[in-house]
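Below is one structure; the comments refer to it alone.
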Amino acid sequence: MPGNETVYKAVDMIMSEDPQDQLTFPEEFLNSLTPTGFPPYELKLKIGCIIMLLRNLAPSKGLCNGTHLIITKLQQNIIQAKSIDGTETFLIPQIPLIPSQTNMPFKFKRMQFPIRLAFSMTINKSRATEPVEVGKYSIDNRWVVPYNPWLLKNFNAHINVEVCASVKSVKYLYIYVYKGHDAASVKIQKEGALDHDEILSFVEGRYVSTPEAMWRLNEFNLSHKSHTVVRLAVHLPQQQPIVYQDGQEAQAIERAALRKTTLTSWFELNKNDPSAHNISYSDIPQYYMFDKSTTNWKKRQRGGQNVIGRLPVVSILDIERYYLRMLLLRKSGAISFDDILTVNGLRCITFQQACQEYGLLRGDQQWHDALNDAAQFQSPRQLCMLFAMICGFGEVEDVPDLWVQHQVSLCEDFVHRYSEQTGPHYTLADIEELLTSYNLSLQRLHLPTVDLPASVLERVNFDVVEEQAKPNSYTMQLNSEQRNVVEILLSAVYNNAADTPKCYFLDGPAGTRKTFVY
């Protein structure tokens, strides 16, 4: 494909606080990983390339996993792409991606555009006997061939290409592995005699490969557990979880008040045992054992080498708890929640502020750069979509600051239409609607909330001139068969006669643009 090539390199990291993990798995090794459904470490793109989305970015807008788009502009932090039919333009940012597979010895994160090159795109035309007018050409199915240009050029032959998204896609390659062991049994018996021993047939007919035979002859374990994992509580003050039965809420609260969690008991341990001051919360199970009967940490007499303390993963949306967890991974010797909030003798108001004072936060510069790049060539409406997308997928540490820094470019449309005072309110209402796709709200992100009637928002988002132009534009794109369907349906809508059918079923192969006709 002609044109300049732009290379985007991902940022790979291990989500672990153990420095040994960083040494064991260097950056070069992380860059070589290709988890299922992940973009490569190095993306080489050109304008005009067809790409495929690997994540649901904005389902309500059609940006779903598997959607094909065409690249129209490449920026440092943003990719602009249009839909295959050319009617919609979208902005794609870099987002943090974490693989769903759990067979890795560590938690891996890659910051990259959630896309892959789509080397081929299948186009299915209807099985019509008559030629179809496409532009200035009259073609039929003989002219429609799904192909891969790169393979066609290099091998000078048509090669069928299929995306290997699961084991089912490569069943012909792995059929003998996944169907179970091979079995073939030969037996000589007298004619007419019925002598079938199912158990004997299994023993004689089963094929055991060399590795399996070695494993079983040595009587190796089929499974093994080497370490004990201790789950440690991470909760805010007076917000520890309580389990209760219906009708016994009061008794459950009384019991919880008398019992300590692993976290509050750790505070007590640090008050009473100076030898525990240099041990972090996550490492405390190696040296102390939590007695569930007394809810106290007791010093181990022996062992502990194969004990791991685990702090549960906390969503970034649970902001204060998220930053409390970050502090617990680093601070040792704390005797209370207030002690954790105290940095250099000053008590912080929030755990997030304490993290900032300790220098634990990386900042949001990447998100600021992405919005600045997009503001140079995109409309405020598309900027709002990008802002919501970043909040939904990005690990933004200070969403209110992101809003304040880019408020002018985000509100430009509404300020021009209304005023500098009311424009931001309409913009926030528009962002609130976009955030629903990510189960978020302005309140959850600590943004200013607005209360505008739904009817006002509908009028704001409805462009009369644009909507009037759509039918004419879409009608020009219809082929003869599609136009015939549309005319029949419109005729039924405007014909009130009792004998006029009102129920229709439109059928056709995939790719014949049934949705476009709707």
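Position in the sequence shown counted from 1, then plus 840, gives you the numbering used here. Glycine is no exception: its CB is placed at the ideal position from the N, C-alpha and C atoms.
Q: Look at Ile-1180 and Leu-1167 and say whether their C-beta atoms are less than 7 Å apart.
A: Yes, Cβ-Cβ distance for Ile-1180 and Leu-1167 is below 7 Å.
Q | Helix, strand or coil at Arg-1056 [DSSP, three-state] | A | In the three-state DSSP reduction, Arg-1056 falls in the helix class (H, G or I).
Q | At least 3 beta-carbon pairs within less than 8 Å: the segment 924-941 vs the segment 1213-1229 | A | Of all C-beta pairs linking the segment 924-941 to the segment 1213-1229, three or more are shorter than 8 Å, placing the two stretches in contact.
Q.
Need the endpoints of the alpha helix (DSSP H) that Arg-1095 sits in, please.
A. DSSP places Arg-1095 inside the alpha helix (DSSP H), whose first and last residues are 1089-1098.
Q: Determine the contact status of Ser-1105 and Trp-1137, defining contact as a CB-CB distance below 7 Å.
A: In this structure, Trp-1137 lies closer than 7 Å to Ser-1105 by Cβ.
**Q.** For His-998 and Gly-975, the rounded distance between their alpha carbons
**A.** Its pLDDT being 46, under 50, Gly-975 is placed unreliably in this model, and the value from its coordinates should be taken loosely. C-alpha of Gly-975 to C-alpha of His-998: approximately 26 Å in a straight line.
Q: Label Arg-1095 either buried or exposed according to how many other C-beta atoms from any shown protein chain fall within 10 Å of its C-beta, with 16 as the threshold for buried.
A: Arg-1095 is exposed by the Cβ-count criterion.
Q: Going by DSSP, name the residue or residues bridged to Gly-1149.
A: Val-1070.
Q) Are the CB atoms of Gly-877 and Leu-903 nearer to each other than 7 Å? A) No.
Q: Given a cut-off of 7 Å, decide if Gly-1149 and Pro-1125 are closer than it, judged by their beta-carbon atoms.
A: Yes, the Cβ-Cβ distance between Pro-1125 and Gly-1149 is below 7 Å.
Q: Could you say which of Gly-1263, Arg-956, Leu-909 and Pro-939 lies nearest to Arg-950 if we only look at CA atoms?
A: Comparing C-alpha distances from Arg-950 to each of Gly-1263, Arg-956, Leu-909 and Pro-939 shows the shortest one belongs to Pro-939.
Q. Near Gln-1091, what residues of its chain come up, given a Cβ to Cβ distance below 8 Å and the 5 sequence neighbours on each side ignored?
A. Same-chain partners within the cutoff: Tyr-1084.
**Q.** Proximity winner among Asn-1000, Leu-1242, Cys-1224 and Leu-1250, relative to Gln-1205 (alpha-carbon distances)
**A.** Out of Asn-1000, Leu-1242, Cys-1224 and Leu-1250, Leu-1242 has the C-alpha closest to the C-alpha of Gln-1205.
(Q) Using 7 Å as the threshold, is the C-beta distance between Phe-1130 and Thr-1101 below it? (A) At the C-beta level, Phe-1130 and Thr-1101 stay beyond 7 Å of one another.
Q. If we count Cβ pairs, one from each stretch, closer than 8 Å, do we get three or more for the segment 1244-1251 versus the segment 1275-1285?
A. Contact fails: fewer than three Cβ-Cβ distances are below 8 Å.
Q) Distance, Cα to Cα, Leu-992 vs Ala-958? A) Spanning the two alpha carbons is a distance of roughly 15 Å.
Q: Go through its chain and collect everything with a Cβ distance to Met-892's Cβ below 6 Å, but skip five positions before and after it.
A: Take Met-892, set aside five residues on each side of it, and the residues of its chain with a beta-carbon closer than 6 Å to its own are His-908, Arg-956 and Ala-958, in chain order.
(Q) For a test of the three-state rule: what should DSSP assign to Phe-878, helix, strand or coil? (A) In the three-state reduction of the DSSP assignment, Phe-878 falls in the coil class.
Q. Which one of Gln-1193, Thr-846, Met-855 and Phe-865 has the shortest CA to CA distance from Glu-882?
A. The shortest Cα separation from Glu-882 among Gln-1193, Thr-846, Met-855 and Phe-865 belongs to Thr-846.
Q: Kindly indicate if chain D contains any beta-carbon less than 7 Å away from that of Gln-1145.
A: Among the protein chains of the structure shown there is no chain D, as only one such chain exists.
Q: Take the Cβ of Gln-1141 as the centre, count every other Cβ of all protein chains shown within 10 Å, and call the residue buried at 16 or more, exposed below.
A: By the neighbour-count rule (16 or more Cβ atoms within 10 Å), Gln-1141 is not buried but exposed.
(Q) Taking the alpha-carbon of Gln-1192 as reference, which of Lys-1354, Val-1236 and Asp-1123 has the nearest alpha-carbon? (A) Taking only the C-alpha atoms, the option nearest Gln-1192 is Val-1236.
Q. Just the Cα atoms here: how many angstroms apart are Gln-1368 and Ser-1122?
A. The structure shown does not extend to residue 1368, since the chain is modelled only from 841 through 1358, so no value can be given for it.
Q. Tell me, which residues are paired with Val-851 by DSSP?
A. Val-851 is bridged to Met-951.
Q: Decide if Gln-920 is buried, meaning its Cβ has at least 16 other Cβ atoms within 10 Å, or exposed.
A: The residue is buried, with at least 16 neighbouring Cβ atoms inside 10 Å.
Q) Apart from the five residues on each side of it in sequence, which residues of its chain come closer than 7 Å, Cβ to Cβ, to Asp-1213? A) Counting only Cβ-Cβ distances below 7 Å, and skipping sequence neighbours, we find Gln-915, Gln-916, Asn-917 and Ile-918.
Q) By DSSP, does His-998 sit in helix, in strand, or in coil? A) His-998 falls in the coil class under three-state DSSP.
**Q.** Buried versus exposed call for Cys-1343 [16 or more other C-beta atoms within 10 Å across all chains shown]
**A.** That one is exposed.
Q.
How far does the alpha helix (DSSP H) with Met-944 in it extend, from its first residue to its last?
A. First-last for Met-944: undefined, no H or E at that position.
**Q.** Selection from Ile-1271, Met-944 and Ser-1313 that minimises the alpha carbon distance to Pro-875
**A.** Checking every option, the nearest Cα to that of Pro-875 belongs to Met-944.
Q: Under the assumption that Phe-865 contacts Phe-946 (Cβ atoms under 8 Å), give the Cβ distance between them as a whole number of angstroms.
A: Sure, about 6 Å apart at Cβ, within 8 Å.
Q. Using a Cβ-Cβ cut-off of 6 Å (strictly less than) and excluding sequence neighbours within five positions of Gly-1263, which residues of its own chain qualify?
A. Excluding the 5 residues flanking it on each side, Gly-1263 has same chain C-beta neighbours closer than 6 Å at Cys-1251, Phe-1254 and Val-1255, in chain order.
Q. Can you give the beta carbon distance from Asp-1178 to Arg-1165, rounded, assuming they're within the 8 Å contact cut?
A. Rounded, the Cβ-Cβ distance is 17 Å, inconsistent with contact.
Q) When we look at the beta-carbon of Met-1225 and count the other beta-carbons within 10 Å, is it buried (16 or more) or exposed? A) By the 10 Å Cβ count, Met-1225 comes out buried.
Q) Among Pro-1220, Gln-1308, Leu-1275 and Ser-1259, which has the Cα closest to the Cα of Val-1239? A) Comparing Cα-Cα distances from Val-1239 to each of Pro-1220, Gln-1308, Leu-1275 and Ser-1259, the minimum goes to Leu-1275.
Q. Of the choices Asn-1118, Pro-1152, His-1036 and Arg-1099, whose alpha-carbon is the least far from that of His-1075?
A. Comparing alpha carbon positions, the residue from Asn-1118, Pro-1152, His-1036 and Arg-1099 closest to His-1075 is Pro-1152.
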